[in-house]
Each structure stands twice: as structure tokens, then as C-alpha cells.
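Chains as they are written, first to last, in my numbering: chain A, 1 to 291; chain B, 1001 to 1509. Glycine residues also receive a C-beta, built at the ideal position from the N, C-alpha and C atoms.
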Amino acid sequence: MVKKARSEYLIFDMINSIILFIVAIVTILPFVHIFASSFATVKELLMRKVLIFPTQFSLEAYEYIFSTPTITRSLLSTIYLTVTGTIVNLFFTVLTAYPLAHRNLPGRAPIMKMITFTLMFGGGMIPTFLLVKGLGLINSYWALILPGAINTFNLIVVKNFFQQIPVELEESAKIDGCNDLFILLRIVLPLSRPVLATFALFYSVGHWNSFFDAILYLSDSKKWPIQVLLRQIVILSEVGVGDPEYSEIRYIPPQTVSKAVIVVATVPILMVYPFLQKHFAKGMMLGSIKG
Amino acid sequence: MQKAKFLWRGIIVVLCLSLLMGAVFTGCVKDTAKESGTPDQTGETKPEPLDISMTMILYPIAPPDESNIIIKKVEEYTNTKLNINWIPDAAYNDRITTSLAAMDLPEVLLVRSDKEPVILNALRSDVFWEIGSYIKEFSNLENKLSKIVFNNISVEGKIYGLYRTRDLARRGLIYRKDYADAIGLEEPKTTDDLYPWLKTLAESDPDGNKQNDTYALEMNNQNVQYATTALSMWYGAPNTWGLKDGKVVNRFTTAEYLESMKVLRKLYSENLINHDFPVNAKPDYLVKGTACAVFTVIGNAQNFQRDVQKLDPNATFSPIGFLQGTKGTFVPAENGYNGQFLFPKKTVKNEEHLKKLLGYFDKLLDQEIIDLFKWGIKDLHYSLVDGVPQRSQEQVALFEKDASGMDQLAIDTNIYPTPGVLNPLEKKILDQKNEMMKHTVANICVPYTSETNLERGAELDKIINDTIIKFVIGEIDEEGWNKEIEGWLKAGGEKVQEEYTLEYLNAHK
């Protein structure tokens, strides 16, 4: 009886593993393909449909993209934009969410209503453009950071998280002589690491991917983040012969170059995941309140 | 430990605050700098270079830097200071729409989709200068630009912009010359030759694998209607819109158009067109050598040859610009321009300022500048051999580096540049184009607007594209084709034809 149950488990495990393995392969293959293509020669990429390992290793594409300072510059811009933007985002999101998490905050209900209103209705692109222009932020990175400094949805989630933190913790800190700001800094934030890590990730990925805002607000091309260049290169290298633009563009970068730029533009943000991931699952509240 | 942590958080808070203050200050500083940076145009004396702000489409990966030698040369020659806002091709139209809606306009706005409702509305509501009456004051603009194309860019008979010239005739067929040469196949001369010629070409087993697996024609699903314009016109169909019994009709409703589609249908049924074309936006059979021909811009023969020779050094391409049809020889005339420069009244305050800007564009049409955009700088990007510009391999590379995408600034790089030494293919393309010019038929409705077409044109075009695909792959027959025409007329096609007829008759009273 026991044995049979065991073998059933074994079969279940095996099938499970196989299915998950297939899913994993399907997920990873495109990455591998892009990565391998970026190191391949143009000829090989054109002749083979799926490339997992280039037979001829070539750094041509990377030499090409780093031959001018453009890519490096825009990569640095993107890093600056992402770091600054995420700090600003978290700063404002936490500072807004924390008071709103307290039921005794005067005017809490109307403030919440106003905030929720923006969740459903937005100004649209042109009024936002006019506002940014009126504030004199055109051609400044702050045009990409300030209008979206607080994401309403994220704010509400963070607020709800703060609400779950037992009031007793704050009360005990207060009895020990802590004021509100110090409660936030020394009690609430350390307990909120999972949520902070999560939203740091959301916000930073958002900044990393900013494309249209950048084109709209940054007329100085030296300030363009990497995604603008990435898209430019990918679209250019995808231009087909039937397209009327084909004759308009005198020089089309080879496909390997666009793959290499995808790698350069994606790997840095991917590297952030492992560092933040460890914070996600931890049960921070264990044993904080006794009795 | 605790203390250190606390200190750390304190630092972060201070950092954030300082960043914020930075934001506020940079905002202010930028603003004042901008205001003082743009000098008032009125108090200008002659030797002072004219500041011109403009938008421009960016095709290369990144814009040129300020020290770009080509732009420096243009500025020097025209005595201007160009303040160019490069906008990537992919976002250009959206960016222009936003600029227009927000009235955040430069002195010269390059508009690409000039027949879109947003632009037409702006033109009608007097946002831009009407420049038609000033053109005759500038000899280059008056003499070097074409009246036909000015007519094409006009809106309700008024000219608002300066257009960027493009070839009037350029659509045709290009094919693998080496495949044809291998079996000694001559180029087709008439439309009747086309089908057997393509069939022979494909079945000659050009890749030598003893299998009948080469397509005669490569097609994709991107705007089939325009891709096959040349083919349909060889068979006598009008160039999108034509006249029939004194009325404007769409080519879709004509018998000649159906005739040309039957050829494609036959080719498809015999496996001579790639069968995945209804779902494939970017087939690569031609690049891989498993297709023989494609309908495209004939100048592409050059680009194709260059690209395919990387894989197959023996590959050669050749263009076919037109075939003799039963009713005559017809070649589609393009609009003859790509985008126009418009002058917003908001930023160009008075006539004097407008004339200065027009003067700049007039100078762009001087031979020196036309050749600058086409060839670059003498002895750097090209050398003169017996008065003919020539480039070495290094000069080609240097020109690509310095001038890539810069020709977007130019009014003309197609018609007036000093001709260089042409390779046989380039010469053939040029000869074909000259020959094609003799047979061009214009799209008679380019200068006219139909409200229904603005509103539902995309939808109507989709019906035509879908019908072509369905007919070619054999999903519907001739009866089905006629039914689709009925459907198209009912969906608004009839109304568009009426509106265009009215406009046409008004203009030809």
C-alpha cells in the first residue's frame, strides 16, 4: 500500500518535472537565441533559423556598438535615470502611504478618494505635455521622473501593507519615546523590506524601459536613454526590402548588432533581480509580538 | 550597529531632498537659459547667422554631434545656425501630433504624413504660412522644384510647404539576374511574357538541388495593394484612382486590375509564390536565394545585390521598370515627394522672417549644397576625376560615418546632384528610371481630399488588401471578387468616389 503510493508520487513527480522542464526551456530559449546571435556572424544568423550556439564566435557586433560613445553614454543615462527615479518614487510613495495607513489621520477619506480618482481618470498625453512644458522640465530627466513620481496603484498596495503591521508595534515604540518619523524609519521600514524590494523593482524596471516619454520630453539626443537607441536599432535592422523606407535608409545595421544591443540593454536590469529576490519571501513579522 | 543603520537612512533622506532641490533648480536654470538663448529675430544685421529651429526625422542610430562636418558646411554656406530636433523615425508622427496639439512648434516643422487629418486640419485652420505666392521670389525654388509636385502637396489649391524631392517613377520588379543568365533567359518585354518567364526562371532549379522548391515571386502581407501597384498598372489599371466615363473610380473596381491579380493567382496555385505570404510580413526567400523576383522600388536592386552578395558572392540583381501591356505602357507615378517643410505662424512672426527661412531653403538648392548632401566634401568624401565625382572604399566608409541620415535635411538628393561613375547596375537602374518617366501615370486624386476617405480610408484599404489575398490564394473566385467590390462600394467606397469626382470636376471646370 505504502509502496504503491510512493510509486504514484514518483510518476507524478516525474511528469511534473518534465512539464516544468519544458516550460523552463521555452522560457529560456529566446534569451539564449538572442545571446548567441549577438556573438554570431551575420552570415550564420541569416542562414540558420534558431541559433543556440554560434559555430563561429564573433565580437563584431559588440565592437560596432562600442565603437562610438553613444551606447555607453545612453546606458549611463539610463542607470542614472533608474537609480534617481526609483529613489524618488520610493521616497514619495512611502511618505504618502504611511500617513494614509493610519485611520486617525484627519481628512483621510477625501484624500483617498482623490487619489483613487486618478487611478481611473488621467489627463492624457497632451495636457501632461503642456504641464511638463509649463514647469520648464522639457529636456530634463525630471520630466521623466516627477510626473510619475507616485504610481497610484503601487501607493495603495504599500498603504495596505503598512496597515497590516500591528498597531502594537508602533504603540510600544511610542511608549519608548519614538516620534512618528522615527517609527517609520526604525520600525515600519525594516519590517517592510519585502514590499519595498518589490516596488523598487517595479519602479526601476519602469524607468529602465522608459521610451516614449524620453522622445517626447528630451529633445537633446545626448540625454536619450538606452531604450530609444535600442528601438531605433532594432527597427532599422528589421526593415525589409519591400518597405518604402528601405530606399530612404542608406545604411542598415546587421541583425547581429540589434541582438547585441538587446543584450547590452537588458542584462543590467536582469542583474538586479537576484539581489532583490531574497527579500521577497521572508516573513519579517515572525515573533515580533508575543502573547 | 543600530546607530550606523540609522545614520545610513538619514543620509538617504538627505540625498533624496538634495536631488529634489536639484530638480527645482535645474528646471529654473534651463528655463532662463533657453529664453536668453533665443535672440530676437527682428534686431538682426546681415552677417549675423540666422538661427533656425527645426524638426527632423532620424534614421541612423543616433543623431550627429554639433561638430558634424556636413552640418557645419551647410551652416557656413547658408549663414545660419541650425538648431535641429532629431526625432526617431518610429515616434516621429506621434511627436509631431503632440507638438501641434500643444502648439510647441519650431520655426520649421517637417511633416511626413501630410495628408493625415491632424495636419490637414491644422493647414485649414491657418496654423501655417501659405507660401505659394512667395516662391517666385526665389529662383531655385521657382525653377528647380516641380509644378506637378507642388500641385500634389497643395491643399484646396494652396501651397503651404516646401517638399523634399523623390523620384516620380520608381516602382517595378527586381529579379536575380544570375539565375536568368545561367539558363540564357531574356528579360520579358510584354505582360504576356511575364508569367511564362517567371515560371521558367523558377523551374530552372537555380539552387541546383534537383528539387522544384524555388519560388518565382516573393510576396509579403504588408500592404499588398501598394506592393502590386506596378504589376496592375502594366496591365492597364489606373494608379489607385483613375477616370472612367467622366467619374473617378478606384482601380479595385476595374477589369484590368482583376486581370493582373489573376496572374498572381495562377502563380500561387502553381507554388510559384511563397505560400506563407498572407501571414508573413518579412519573408527572406529572396535573401536566401530561394525566390527569384520581388515587386519593389527598383533602386532596391542595388541594396539587394549588396546584401545578398554577403551570402552568395555570385548573386546579381537587375530591375524591370515596365512591360508593354495590351493597352499601352504605364508606370505608376509616385507623389514625387517625401514630407514637406511647414512654417508655423506662431514662431515665424512676420513676412520678413518667413522670407529669410525660404532663403535658406533656396540656398539648399544651389548645386554646391545638393552635391554636398549627395557626395560630401571634396577631397575628403570624394575626389573629382575628369569632373566626375568618385569614391574610394575608405571614402565610402567615411561618408557613411559623417553623412548617414543627413540627407533628410536636404530638399533634393535625387534629381540635380552631379552624376558620378555608375556601376553597370546603377546605370541600368538610372536608364530604367529615365525610360519609366516617359510612361508615368499620376494618381489623379493626390491633391484632393475626400472626407469619407480620411475617415474610413484605412478600413476601405483593408477590404481591398484582404480581397487580394483571398483571391490570390484561391479562397474566392471571380464572383467572390465582384461581391467584395459591392461590399467595398457600400462600405464607403462609393461615397469616396463621388467626393473625389466632385473635387476633380471642380478643379477641371
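Do you know how far the Cα of residue j is from the Cα of residue i?
i	j	result
S1392 (chain B)	G1328 (chain B)	43 angstroms
K1490 (chain B)	W1197 (chain B)	39 angstroms
A1101 (chain B)	L1194 (chain B)	50 angstroms
P1188 (chain B)	T1200 (chain B)	11 angstroms
L46 (chain A)	Y64 (chain A)	18 angstroms
D1031 (chain B)	P30 (chain A)	A caution first: D1031 (chain B) carries a pLDDT of 42, below 50, which makes its placement in the model too unreliable to give a value.
N1140 (chain B)	D1366 (chain B)	7 angstroms
L1422 (chain B)	V205 (chain A)	51 angstroms
V1385 (chain B)	P1417 (chain B)	16 angstroms
L10 (chain A)	T27 (chain A)	25 angstroms
H1353 (chain B)	M1054 (chain B)	14 angstroms
E1142 (chain B)	V1263 (chain B)	44 angstroms
A1062 (chain B)	I1377 (chain B)	21 angstroms
G1457 (chain B)	L1168 (chain B)	23 angstroms
Q164 (chain A)	T256 (chain A)	50 angstroms
Y1175 (chain B)	K259 (chain A)	30 angstroms
I52 (chain A)	V1287 (chain B)	22 angstroms
P1447 (chain B)	V1472 (chain B)	32 angstroms
L353 (chain A)	S219 (chain A)	Look at the range of chain A in this structure, 1 to 291, and you will see that residue 353 (chain A) is not part of it.
L1430 (chain B)	M120 (chain A)	58 angstroms
N1350 (chain B)	D1245 (chain B)	47 angstroms
Does DSSP classify residue i as helix, strand or coil?
i	result
Y973 (chain B)	Outside the displayed range of chain B (1001 to 1509) lies residue 973 (chain B), so it cannot be described from this structure.
M1103 (chain B)	coil
V1127 (chain B)	coil
Q1324 (chain B)	strand
I1174 (chain B)	strand
A1507 (chain B)	helix
V228 (chain A)	helix
L185 (chain A)	helix
L1365 (chain B)	coil
T152 (chain A)	helix
M1233 (chain B)	helix
M1054 (chain B)	strand
Y1059 (chain B)	coil
G1161 (chain B)	strand
P30 (chain A)	helix
F211 (chain A)	coil
Q1222 (chain B)	coil
Note down, in chain order, every chain B residue with its Cβ under 9 angstroms from the Cβ of residue i.
i	result
M120 (chain A)	Under the 9 angstroms cutoff, chain B gives no residues; its nearest Cβ is about 23 angstroms from M120 (chain A).
R231 (chain A)	P1088, A1090, A1091
F330 (chain A)	An answer regarding residue 330 (chain A) cannot be provided, because it is not within the stretch 1 to 291 covered by chain A.
Would you mind telling me which residues of chain B sit closer than 7 angstroms to residue i, beta carbon to beta carbon, in chain order?
i	result
K133 (chain A)	A1102, D1104
M125 (chain A)	T1098
Given that residue i touches chain A, what residues does it touch there, using C-beta distances under 8 angstroms?
i	result
I1061 (chain B)	T70, L229, Q232, I233, L236, P253
N1085 (chain B)	S219
List the residues that DSSP assigns as beta-bridge partners of residue i.
i	result
K43 (chain A)	For K43 (chain A), which the question treats as bridged, DSSP gives no partner whatsoever.
T1200 (chain B)	Answer by DSSP bridge pairing: none, since T1200 (chain B) is not bridged.
T1440 (chain B)	B:V1331
W1488 (chain B)	Its beta-bridge partners do not exist; DSSP assigns none.
V1111 (chain B)	B:Q1340
V1297 (chain B)	B:R1171
L75 (chain A)	Answer is none; L75 (chain A) lacks a bridge partner.
W1241 (chain B)	B:N1250
A1291 (chain B)	B:Y1215
W1086 (chain B)	B:M1056
F129 (chain A)	DSSP, once it has assigned bridges, lists no residue as partnering F129 (chain A).
K1081 (chain B)	B:D1051
T1190 (chain B)	B:Q1324
Using a cut-off of 8 angstroms between C-beta atoms, extract the partners of residue i located in chain B.
i	result
K43 (chain A)	K1310, L1311
I306 (chain A)	Outside the displayed span of chain A (1 to 291) sits residue 306 (chain A), for which this structure offers no information.
Return yes when at least one heavy atom of the ligand ZN lies under 7 angstroms from the C-beta of residue i, else no.
i	result
V1108 (chain B)	For the ligand ZN, the structure offers nothing, since it holds no ligand at all.
Check your understanding: Got a sec: which bits of the region 1087 to 1116 of chain B sit with their beta carbon under 8 angstroms from any beta carbon on chain A, in order along the chain?
Key -> Taking 8 angstroms as the Cβ-Cβ cut-off against chain A, the residues of the region 1087 to 1116 of chain B that qualify are I1087, P1088, D1089, A1090, A1091, D1094, R1095, T1098, A1101, A1102, D1104.
Check your understanding: In the region 1311 to 1332 of chain B, which residues sit with their C-beta less than 8 angstroms from some C-beta in chain A, listed in chain order?
Key -> For the region 1311 to 1332 of chain B, the residues whose beta carbon sits under 8 angstroms from a beta carbon of chain A are, in order, L1311.
Practice item. Pull out every residue of the region 191 to 215 of chain A whose Cβ sits closer than 9 angstroms to any Cβ of chain B, in chain order. Key: So the close ones are F211, F212, I215.
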